[in-house]
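See structure below.
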Ligand code: NA
Ligand code: NA
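Chains as they are written, first to last, in our numbering: chain V, 3 to 96; chain B, 1223 to 1384; chain E, 22 to 989; chain H, 72 to 180; chain C, 367 to 479; chain U, 55 to 581.
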């Protein structure tokens, strides 16, 4: 019983995250500004991380946690590099 | 010796991190973790010349509680605005707030709190006049927001870091 | 043994000559003459043996598996040629010593002359067809070098190249024919081949074989239609012309035809090809010789004609004609060489070879004139000289020919015409040079040369005379020996005599003589009007056609090549994709591979939905890549993240980790690169041209097809049952017991297949080094250098570059708050990188992931603090990390040698420490540590090298600005 | 997740559903909100509430199944908390700069 | 799952190949990236798909059938690394070419249409 | 070497010399070992090294059979020569020349020794990335442009390799070449079809590297723009593709013979490549481009030869490979030295001169200066070396080029006896002879222009370490000619073993890991 509940709840959560990822992808595709795209990419990372976390819960394996951890730690690197590029014209300044 | 003492807080933080990561309290991990944490903490100041001084751990805990509650509330508010869409009738806008806190770590933590709370984004800081600019999704009560930032966040942060 | 010496002496001599200093004239001549004389003496020493046993043979193994040996074989025929080659060689060496100027680099001349002599001896002594071919081509090569001896002269270069091309091509044809002979006979041994005559003649490949052989022989002997190279080869120094282009090398072709006469002759093919070429050369050569203006030109064309005569005789399928041919080979060698020598002397003394300028030299150089007259008379076929006898024999053969009426009537008439022409050009040669009024406007005043220079000529003239008077006595034994060598028991009865009585051939001789004199007189007037112009065939200039042909080949091949290849990348990629698709789909065409009962896992909607988004991102990334680079990069990054999640979803956490870290680093890297790409401005506001649209449609379809192929292939593969005995089962079973790790992927990476990993990190290191090396020479587009300064400045004026404050605890401006956080992240990320490194063997992680995490942490510091600020603090030297990483990994791999295990074997040591217990240390961990270090080093090196470019060019800008401000 | 008692499963399930809804709402906000500045606020929901809920659920499950407190999911929250401002500050500055440039260009016209 | 992944591979490959056929160097490098994803997924797919069976073994239970095929994963790891390295190099070559030839056309010169 | 600083060039050179010397020594020992000298315990004289001590189909193996040893020896000779040449001045044209050079050698050696399909790919990547680095060494617009194409094409080829390897693994469940050879035989039906498809993709990837038409348009630019020692080393790069085709073809096809990847199209591809190379040689005016097209020609010859049925051509083809690599390597080294002697634009001058020349007629003076021009020793050396290289490439006697051409053609004729289409035999014979004539035309013209045209030649300063490599390469080919008998015997042996993949398979799969009496005390868990 509890397994069924959790299965469906996990499935629902993953579906929501996936839909969220889809929304972000639409924003990423449509833009219009470059900042919007960066933001959307950041959101995609968060959604992906959440998908992994819930998958880890569903499968009861801690192995997915590491990936999520890395996304949490370094997911921002790509988007902040992009943001800095937009802001300053180069990622690493003298 | 002073360097060693100065780097102890970071070392402790790193050791805790190591133990949590490895999910273990075994002697092996303690020793390995301590060695790694201490080494890193000793090396860290090279690239991190500004040191944080921490005090008042209780204030920090209370602040964390406030922040958590605020995040939950803002989530509700922002969710409502999004779901109602244009009908929500809210007016987004920028807000300038005069700050007193000067410590970089305090400022950074304030930035974390503000960014991590839905509905407010750090939009700039003028270090000379010490004025913080925020972008707020719902600018219906600017004074209230200013008060929250100054009283609920800034003051405890000043206690902790200065 | 003597045979080897005969062959070796010239080559050794050649080598010695090449080592002589450029001024060693006398030594060179002595070397050449001595070598030739030695060869001659050795050959003569062998005479009794050859006469007695018929054949001397000596074989050394070379490439036994291919049936090619170094076989020296001397029979009577080879003996004759050896004598000619070596005797002429000795005479030429003497002559050349006087002929060449003191300033000529004489040793070079004798080097090639001697190597030619060796090659020619090699040809005649070859007992193996392939060996024969080797020496055959060597004669062409040394001829090339000798013609080009005066290579500063245009005509020498041209003549040399033409001769090489024609004879070299012929050589290739000859090679083909030799191969076919070898194939038919099963051996390249000359004796075996000679014994297999009927098999060869009867083989279905005989015609093609004959054509190839003829091409080889006729090009070498300058026979029609390949004769044109010989007159052009006259740019060579005269000793070369006398030796190679009259007496020896051009004889190689007829030598070969006669050598193979017993095998090939007797068929209509033979008659038509060989006889036809001979006849044409005979007439054409004689005709052209009559009108030449250059003394050596006359001789060259007459050589073509006389070689045509020999070829014609060989082509007549008559054994007596063969005798005549051999006889004429000897005679022609003597009188033509002496004529060349005489011409050379005239040229040498008077400074010109122009028949129209030369006149009346008889009184100035009487000895030379006498010798030339006798030789020319021999050439014309005047009785009591050797040329007369061979001409008589030729006439006799033409008279007695059987067969078609055209040949029965045509050949004798042609023979007489050729005879008449030869009389005419001989007369003209002599009369124009030595008779008439004495020339006054010659470059030099001629007189007889030193006696020694005349001796070679005189010796040859003497020989002409003696053979002409006493042919039987002198040449009968020789000829007999030769004919026995060629025909064995089938040697015909012949009679070498001056006087055969009054018969038809004699009558023909007289007619030819009279006609020749008449012709000379008739042509005198025309000669004065248009000297050097050959009437009727003036336009058919072999040289010009040849060069036109070469130019056409050049132009044609360039045009064809332009159609067959492209220098552009896109068509190449298209071709690549298309050909891959074609060959990949070909085996699948019959069908039957689509899964009937696909196995697999049930689909999850979320997964599909996720890929809907990921796929859309990929497609749009492709669409946006032209004008919106950053957008495209982000879209591709999104697809990458979806890939990463997919890996995790489908049970590959290691892959997900790696994909993620690589993704992050790649994004930063490309962004660093984007900084140097100026923005693309949208072009062509108007409608897209039709060709562009068509090209896009085509590319779209190709891309679609490629994707479809990948889809189908992967679907089919995924829904098949896996191979039942896959090696991965072993890895899963043994990872823990033997590999000592629970994470099978990592155990594979660092233990089972550690060598791949070693290679992979090497690739990374190599790339880092290449990137670094390339960036040191980097030159960016000018408009990009200051672009970020524009970003920073207010409005349209760029901010000037300012050196950052290296002692500031925090950066000013926007990066102030982020810097606090990012710097706190470095120890954290280092800790996490170590965490992933150390646990990799049992859980997802490992050196690579750890290294990338560490590298990302470092890169973040650069992003926050700027290059100079970070580098003002003691940090890593990436290159050293790369080297150390490789060394640590290599040491870990090799350390086990110490305990006697093979490379990369795992070796574990368990340390028992107080408090801690047992610590398991494995060489595998060390290996992973090496990977970690290398990855950190390589990644940081690449990123930082790229980032450094900005600094470099800002400083240049600042310097330039500073300089201009101080000036003003 | 086998062996989790029902009294724990229900709140965990609710937490997961809440996480899903909150995160989806945030992502929808990315589409529905009109200006970039407004959109900046939306994804924070997933980053905060979504992650909180999932981490809480994970902690509950792991602690119950392994009978000891397991907290490492909260590291994710910590890292997100630490890194969130970096991108946000830069993005916001970039957007403001662009806006200034646009209005500046308008004024000069 | 299989058909989804197969389609995903196809879409990535199509986008990648399309970009490889484009004339701009940046397009080419993005094509390499996308095609790289496709190829990595393809290699990975050759081990057949498994959900919730990561090849991290329980020492007591090393039955190959209960784990995803680890070998393709190891191969993909190597391929990812090599792909990253070569892409980095290509990027720098692209930049060098842009700087030297003053165009971002893959041929180093603009062709007339 | 990376630890050394920029100033320590001498140290780098010493290190490089030691490394390359050791490499050459080991290659020599391997060649001898595969002849049965020095390694008597090797089964069929095939050496197998189990890396990590894992048994054969599971771990990675290195296999040294005759073919590998041969290629290693060739690599060592060529590499050593190119490296010595480079130490004269080339290594200072950019950073990291020496490490990159050693790494490309590592890649080449690894590729020749690899007994594992994926490991082969990895070593291909090492040698390719190192070659990208070397190709870019010294930079410059044209060089970077050429390198861009080179890298682009090879990156795509790498993708193809990966796809093919993955497919093969997915079908057979193994990567070990010997094991694959066994398992591929057992495939049938749809599996076989898919396997053939994978093998075809693999073949395309190798054909790209081996420069088969129409996949070789990148080559002329790349080779003619690369620096001399690099181009010389590249002479063996195409042969790596040929090696892979031979190796995989020998192991994977049931017929065993190296007719490899669908024998039917290998021969036409070879003839097309040969024709293309020939055309290119004719159409080129620049010496380096001629040399580059000569590389294509040699590849085409090898394809066509290996595409003939039966294994009779394999031995001669290998001989041809040796000879052509040595010759082309020497030629590339030589051409750079020669170009130094040409003043700028003299190429163009010579061409125009020739064009005018054909206009003037017999009135060319017959009494032009009849005194030879002495050649300085340097030019004489270069000229003679060029002459020798040309002979080798054209296939004219007396050097090994001729032996190679002759042996190939005679073997080709032999195939007519057992069933090869006669037309193909004639086609091959004709194509090879015509390519020889074309080489004669092109190289003849080029040589005459380079060495005989008197326009202000300034004699280049030739250093000893630039002359020695050329001499060594040429003497190697002279040695190849003189010892043609024993070399050919070794190669025939090699071909025979290639035709008998069973022996290779047995040697590899039969190799047992070392057994250690005291096993490492039970592998523990995590620390
Ligand atoms: Na590996
Ligand atoms: Na074959």
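Backbone N, C-alpha and C define an ideal beta-carbon position, used for all residues, glycine too. Everything numeric in this text was worked out from a predicted model, so none of it was measured.
Query raised in the report: Which residues share a DSSP beta bridge with residue 89(E)?
Result: Against the third chain, residue 89(E) aligns to sequence position 68. Answer is 84(E).
Query raised in the report: Under three-state DSSP, which class holds residue 375(E)?
Result: Along the third chain, one-based indexing puts residue 375(E) at 354. When DSSP states are grouped into helix, strand and coil, residue 375(E) belongs to the strand group.
Requested in this report: Take the Cβ of residue 748(E) as the centre, count every other Cβ of all protein chains shown within 10 Å, and call the residue buried at 16 or more, exposed below.
Outcome: Here residue 748(E) is taken as the residue at index 727 of the third chain, counted from 1. For residue 748(E), the number of other beta carbons within 10 angstroms of its own is at least 16, and it is reported as buried.
Requested in this report: Please name the residue in 185(E), 678(E) and 289(E) whose C-alpha comes closest to that of residue 874(E).
Outcome: Working through the third chain from its first residue, we reach residue 874(E) at position 853. Minimum Cα distance to residue 874(E) is reached at 678(E).
**Report entry** Where the alpha helix (DSSP H) containing residue 1348(B) begins and where it ends
**Finding:** By one-based count along the second chain, residue 1348(B) stands at place 126. Under the DSSP assignment, residue 1348(B) falls outside any alpha helix (DSSP H), being part of the beta strand (DSSP E) whose first and last residues are 1342-1348.
Query - Selection from 142(H), 151(H) and 166(H) that minimises the alpha carbon distance to residue 1244(B) - result: Working through the second chain from its first residue, we reach residue 1244(B) at position 22. If we check each option's Cα against that of residue 1244(B), 142(H) comes out closest.
Query - Continuous alpha helix (DSSP H) stretch holding residue 113(E): start and end - result: As a working mapping, residue 113(E) is identified with position 92 in the third chain. Per DSSP, residue 113(E) belongs to the alpha helix (DSSP H) from 97-120.
Query raised in the report: Quick one, which residues of the region 774-789 of chain E are near chain U if we go by CB-CB under 7 angstroms, in chain order?
Result: Answer set for the region 774-789 of chain E: 774, 775, 776, 777, 780, 781, 783, 784, 787 and 788.
Query raised in the report: Of all the options 751(E), 58(E) and 365(E), which has the alpha carbon lying nearest to the alpha carbon of residue 113(U)?
Result: Within the sixth chain, residue 113(U) is the residue found at index 59, counting from 1. 751(E) is the residue among 751(E), 58(E) and 365(E) whose C-alpha sits nearest the C-alpha of residue 113(U).
Report task. From the DSSP output, in three-state form, read off residue 647(E) for me. Result -> On the third chain, residue 647(E) is found 626 positions in, with the first residue counted as 1. Residue 647(E) carries a coil assignment under DSSP once its states are collapsed to helix, strand and coil.
Query raised in the report: Taking Cβ to Cβ, would you say residue 64(E) is nearer than 9 angstroms to residue 27(E)?
Result: Position 43 of the third chain, counting from 1, holds the residue named residue 64(E). Position 6 of the third chain, counting from 1, holds the residue named residue 27(E). Yes, the Cβ-Cβ distance between residue 64(E) and residue 27(E) is below 9 angstroms.
Query - Contact set for residue 900(E): own chain, Cβ-Cβ below 6 angstroms, skip 5 residues either direction - result: Indexing the third chain from 1 puts residue 900(E) at position 879. Here the set comprises nothing.
**Report entry** Interface positions of the region 374-390 of chain C facing chain E (Cβ-Cβ less than 9 angstroms), listed along the chain
**Finding:** Here the close residues are 374, 375, 376, 377, 378, 379, 380, 381, 382, 383, 384, 385, 386, 387, 388, 389 and 390.
**Report entry** CB contact below 9 angstroms: residue 147(H) versus chain B
**Finding:** Residue numbering aside, residue 147(H) sits at position 76 when the fourth chain is read from its first letter. At least 9 angstroms separates the CB of residue 147(H) from every CB of chain B.
Requested in this report: Check whether the Cβ of residue 141(H) lies closer than 9 angstroms to any Cβ atom in chain E.
Outcome: As a first step, residue 141(H) is located in the fourth chain; it is residue number 70 there, counting from the start. Judged by the 9 angstroms Cβ criterion, residue 141(H) is not in contact with chain E.
Query raised in the report: Under a three-way DSSP split, which group does residue 223(U) fall into?
Result: Your numbering for residue 223(U) matches position 169 in the sixth chain. Residue 223(U) falls in the helix class under three-state DSSP.
**Report entry** Assigned secondary structure, residue 209(E) (DSSP; H/G/I helix, E/B strand, else coil)
**Finding:** Counted from its first residue, the third chain places residue 209(E) at position 188. Coil.
Report task. Within its chain, find whatever has a CB closer than 8 angstroms to the CB of residue 401(U); leave out the 5 residues flanking it on each side and keep chain order. Result -> Mapped onto the sixth chain, residue 401(U) falls at position 347. Because residue 401(U) carries a pLDDT of 46, less than 50, the predicted location of this residue cannot be relied on, and the following value inherits that uncertainty. Excluding residues up to 5 positions away in sequence, 339, 340 and 503 lie with their Cβ nearer than 8 angstroms to the Cβ of residue 401(U) in the same chain.
Report task. State yes or no: is the C-beta of residue 810(E) within less than 9 angstroms of the C-beta of residue 803(E)? Result -> In the third chain, the residue the question calls residue 810(E) occupies position 789. In the third chain, the residue the question calls residue 803(E) occupies position 782. No. Outside cutoff.
Query - Same chain only: Cβ atoms within 7 angstroms of residue 24(E), ignoring 5 sequence neighbours per side - result: Counting from 1 along the third chain, the entry for residue 24(E) is found at position 3. By the criterion of a C-beta distance shorter than 7 angstroms, residue 24(E) is surrounded in its chain by 77, 79, 93, 95 and 146, once the five residues flanking it on both sides are discounted.
Query raised in the report: Given residue 460(E), which residues of its chain have a CB within under 7 angstroms of its CB, disregarding the five upstream and five downstream residues?
Result: Position 439 of the third chain, counted from the start, is the residue given in the question as residue 460(E). Answer for residue 460(E): 378, 379, 380 and 381, listed in chain order.
Query - Alpha-carbon to alpha-carbon, residue 68(U) and residue 412(U) - result: Within the sixth chain, residue 412(U) is the residue found at index 358, counting from 1. Within the sixth chain, residue 68(U) is the residue found at index 14, counting from 1. Because residue 412(U) carries a pLDDT of 41, less than 50, the predicted location of this residue cannot be relied on, and the following value inherits that uncertainty. The alpha-carbon atoms of residue 412(U) and residue 68(U) are separated by roughly 54 angstroms.
Report task. Please state if the CB of residue 913(E) and the CB of residue 947(E) are separated by a distance shorter than 9 angstroms. Result -> Along the third chain, one-based indexing puts residue 947(E) at 926. Along the third chain, one-based indexing puts residue 913(E) at 892. The answer is yes: Cβ separation under 9 angstroms.
Report task. Using DSSP bridges, identify the partner residues of residue 1320(B). Result -> What you label residue 1320(B) is simply residue 98 of the second chain in a count that begins at 1. Residue 1320(B) pairs with 1353(B).
Query raised in the report: Shorter than 9 angstroms from the beta carbon of residue 153(H) to some beta carbon of chain E?
Result: For the purposes of this step, residue 153(H) is taken as the residue at position 82 of the fourth chain. For residue 153(H), at least one C-beta of chain E is nearer than 9 angstroms to its own C-beta.
Requested in this report: Please specify which runs of the alpha helix (DSSP H), each continuous and at least 4 residues long, are wholly inside the region 1238-1319 of chain B, giving them in chain order.
Outcome: Within the region 1238-1319 of chain B, the complete alpha helix (DSSP H) runs of at least 4 residues are 1249-1265 and 1279-1306.
Query raised in the report: Cα separation between residue 40(V) and residue 626(E)?
Result: Position 38 of the first chain holds residue 40(V). Position 605 of the third chain holds residue 626(E). A direct Cα-to-Cα measurement between residue 40(V) and residue 626(E) gives close to 27 angstroms.
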